[in-house]
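Asker: Okay, here's the structure, questions in a sec.
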Amino acid sequence: MNAHPLAPIPDADVDAFWRDGVICLRGLFDADWIEHMRAAVEDDLAHPGPLAREYATQAGQRFLGDIGAWAVKPGLRKYVEESPAAEIAARMLRSRKVNFLYDQLFVKEPGTAAVTPWHQDGPYWPVQGDQILSIWLALDDVTVQSSGVEYIKGSHRWGREFRPIHFGGDTEAYKMLPGETLPDIDAIRREPGSGGLEIVNWDMKAGDCLLHHSMTVHGAPGNASSTQRRRAYATRWTGDDVVYAPRNGQASITIDKPTIQPGEPIDCAVFPRLWPRPQDSSLA
Ligand SMILES: O=C(O)CCC(=O)C(=O)O
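Structure follows, in structure tokens:
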């Protein structure tokens, strides 16, 4: 399994990420990583971690979100600690170091109508800073028909913060958190000229990944395919400018509690510093 990205990430891709708030990168993980992760996902589906949630509300459908499971699942931990993900994050964040924030497994099985509601990630998380991104690794080929993620280009630079929305439809959750109510994006996109929004998505092969900034508005339709699974593993990474900033009303993203204080850099066992790796410090 490759420890470093299979190809260099050009400066133009880093610029595009910061301009658009999202980019799709292809061919950075080898086939062994995909096989490894598919096995890790099957294990997780059979025995989900303690923070796992089922978001699908209709019988026979499945949209599993498992949060923070890397801490108890060696197969997921191996990807977090040994895959090229940390290095990719450091390159994209233009950061000297990166910390691992947490992981989230998203499995939306064929015929599952549950949408992933439009949202920004940042307001869910107990951190503050601009150098925060996710790497959403596709473990199946995916198109928007099978619930590919859609993004509003440039929304990370709107300077707006939207209150989190519960993926399973719990309207009481997150009520005490600050932020605007997100406008009805699906209604706006039906307006002439899509109401000025530019919504992007990519047809992906297993092993391709999406990198999105923590403030980029995104969501996904249900999985309308009757055959195509949609398994994805999202890992969240932070850079030099990030500090701990928990808010009352946020849900846990880690199984263990962090030991740091508000305002401090997030270095601790729960949010380990994974780049540079000791053996790679000359590359940082
Ligand atoms: O995979 C999904 O449906 C949701 C992905 C997402 O919202 C994220 O990774 O931040």
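Here the numbering used here = 1-based position in the sequence shown + 91. Ideal placement from N, C-alpha and C gives every residue a C-beta, glycine not left out.
If you compare alpha carbons, which of Cys300, Val163, Ile179 and Thr203 is closest to Asp231?
Answerer: Reading the sequence shown from its first residue, position 140 is the one you call residue 231. Ranked by Cα distance from Asp231, the first of Cys300, Val163, Ile179 and Thr203 is Cys300.
Asker: Let's test the definition: count the other Cβ atoms within 10 Å of the Cβ of Glu133 and tell me whether it reaches 16, buried, or not, exposed.
Answerer: Translated into the one-based positions of the sequence shown, residue 133 becomes position 42. By the 10 Å Cβ count, Glu133 comes out exposed.
Asker: Helix, strand or coil: how does DSSP classify Ser186 here?
Answerer: On the sequence shown, residue 186 is found 95 positions in, with the first residue counted as 1. Coil.
Asker: Hey, is the region 269–288 in contact with the region 209–216, meaning 3+ C-beta pairs nearer than 8 Å?
Answerer: yes
Asker: Could you check the C-alpha separation between Arg248 and Gly112 for me, to the nearest Å?
Answerer: On the sequence shown, position 157 is the one that residue 248 refers to. On the sequence shown, position 21 is the one that residue 112 refers to. Approximately 8 Å, taken between the alpha carbons.
Asker: For a test of your reading of the model: does the CB of Val240 fall under 7 Å from any non-hydrogen atom of ligand 1? Yes or no.
Answerer: In the sequence shown, residue 240 corresponds to position 149, counting from 1. Result yes, Cβ under 7 Å from ligand 1.
Asker: Just how far apart, CA to CA, sit Gln152 and Gly286?
Answerer: Stepping through the sequence shown from its first residue, residue 152 is reached at position 61. Stepping through the sequence shown from its first residue, residue 286 is reached at position 195. Going by the C-alpha atoms only, they are around 33 Å apart.
Asker: Is Lys164 helix, strand or coil by DSSP?
Answerer: Indexing the sequence shown from 1 puts residue 164 at position 73. DSSP places Lys164 in coil when its eight states are reduced to three.
Asker: Taking 8 Å as the threshold, find out whether the region 217–227 comes into contact with the region 277–284 through three or more Cβ pairs.
Answerer: no
Asker: Nearer than 7 Å: is that true of the beta carbon of Thr329 relative to any heavy atom of ligand 1?
Answerer: The residue given as residue 329 occupies position 238 in the sequence shown. No, the beta carbon of Thr329 sits no closer than 7 Å to any heavy atom of ligand 1.
Asker: Evaluate contact between the region 250–257 and the region 191–203, counting only Cβ atoms and requiring at least three cross-stretch pairs below 8 Å.
Answerer: no
Asker: To test your reading of the DSSP string, which unbroken beta strand (DSSP E) runs of 3 or more residues are found completely within the region 292–332?
Answerer: Those beta strand (DSSP E) runs which fall completely within the region 292–332 and span 3+ residues are 300–304, 309–311 and 321–329.
Asker: Would you kindly check if the distance between the Cβ of Ile114 and the Cβ of Asp104 is under 8 Å?
Answerer: Counting from 1 along the sequence shown, the entry for residue 104 is found at position 13. Counting from 1 along the sequence shown, the entry for residue 114 is found at position 23. Cβ atoms of Asp104 and Ile114: closer than 8 Å.
Asker: Report all residues from its chain with a CB closer than 8 Å to the CB of His138; omit the five preceding and five following residues, and keep chain order.
Answerer: Locating residue 138 in the sequence shown gives position 47, counting from the first residue. Excluding residues within five positions, none has a Cβ falling inside 8 Å.
Asker: Restricting to Cα atoms, I'd like to know which of His303, Ala297, Thr307 and Leu184 is closest to Leu288.
Answerer: As a position in the sequence shown, residue 288 is number 197, starting the count at 1. Closest option to Leu288, Cα to Cα, is Thr307.
Asker: Compute the beta-carbon to beta-carbon distance between Tyr324 and Leu184, rounded to the nearest angstrom, for a pair I have assumed lies under 8 Å.
Answerer: In the sequence shown, the residue the question calls residue 324 occupies position 233. In the sequence shown, the residue the question calls residue 184 occupies position 93. Incorrect: roughly 19 Å between the Cβ atoms, too far for contact.
Asker: On the DSSP bridge assignment, give the partners of Gln195 in chain order.
Answerer: Taking the sequence shown and counting its residues from 1, the one referred to as residue 195 is at position 104. Answer is Ile158 and Ala325.
Asker: Going by alpha carbons, who is nearest to Ala143 out of Ala150, Ala336, Asp157 and His304?
Answerer: The residue you call residue 143 lines up with position 52 of the sequence shown. The residue with the shortest Cα to Cα distance from Ala143 is Asp157.
Asker: Only counting the same chain, and skipping five residues up and downstream in sequence, which positions put a Cβ closer than 7 Å to that of Ser316?
Answerer: Position 225 of the sequence shown, counted from the first residue, corresponds to residue 316. Excluding residues within five positions, the ones whose Cβ falls inside 7 Å are Pro201, Gln236 and Ser237.
Asker: For Pro356, tell me which candidate among Gln370, Asn190 and Pro96 has the shortest Cα-Cα distance.
Answerer: As a first step, residue 356 is located in the sequence shown; it is residue number 265 there, counting from the start. Selected option, being the one with the closest Cα: Asn190.
Asker: Determine the burial state of Met267: buried for a count of at least 16 other Cβ atoms within 10 Å of its Cβ, exposed for fewer.
Answerer: Taking the first residue of the sequence shown as 1, we reach residue 267 at position 176. Exposed, because fewer than 16 other Cβ atoms sit within 10 Å of the Cβ of Met267.
Asker: Could you pull the DSSP bridge partners for Ser237 from this structure?
Answerer: Position 146 of the sequence shown, counted from the first residue, corresponds to residue 237. According to DSSP, Ser237 bridges with nothing at all.
Asker: Fully enclosed by the region 224–287, which beta strand (DSSP E) runs are 3 residues long or longer?
Answerer: 241–243
Asker: Taking the alpha-carbon of Met92 as reference, which of Gly239, Asp123 and Pro369 has the nearest alpha-carbon?
Answerer: Taking the first residue of the sequence shown as 1, we reach residue 92 at position 1. For Met92, the nearest C-alpha among the options comes from Asp123.
Asker: Under 7 Å: does the beta carbon of Phe253 sit that close to some heavy atom of ligand 1?
Answerer: In the sequence shown, residue 253 corresponds to position 162, counting from 1. Taking the Cβ of Phe253 as the reference point, every heavy atom of ligand 1 lies at 7 Å or farther away.
Asker: Along the chain, where does the beta strand (DSSP E) that runs through Val361 open and close?
Answerer: On the sequence shown, position 270 is the one that residue 361 refers to. Looking at the DSSP string, Val361 is not in any beta strand (DSSP E), and its letter there is neither H nor E.
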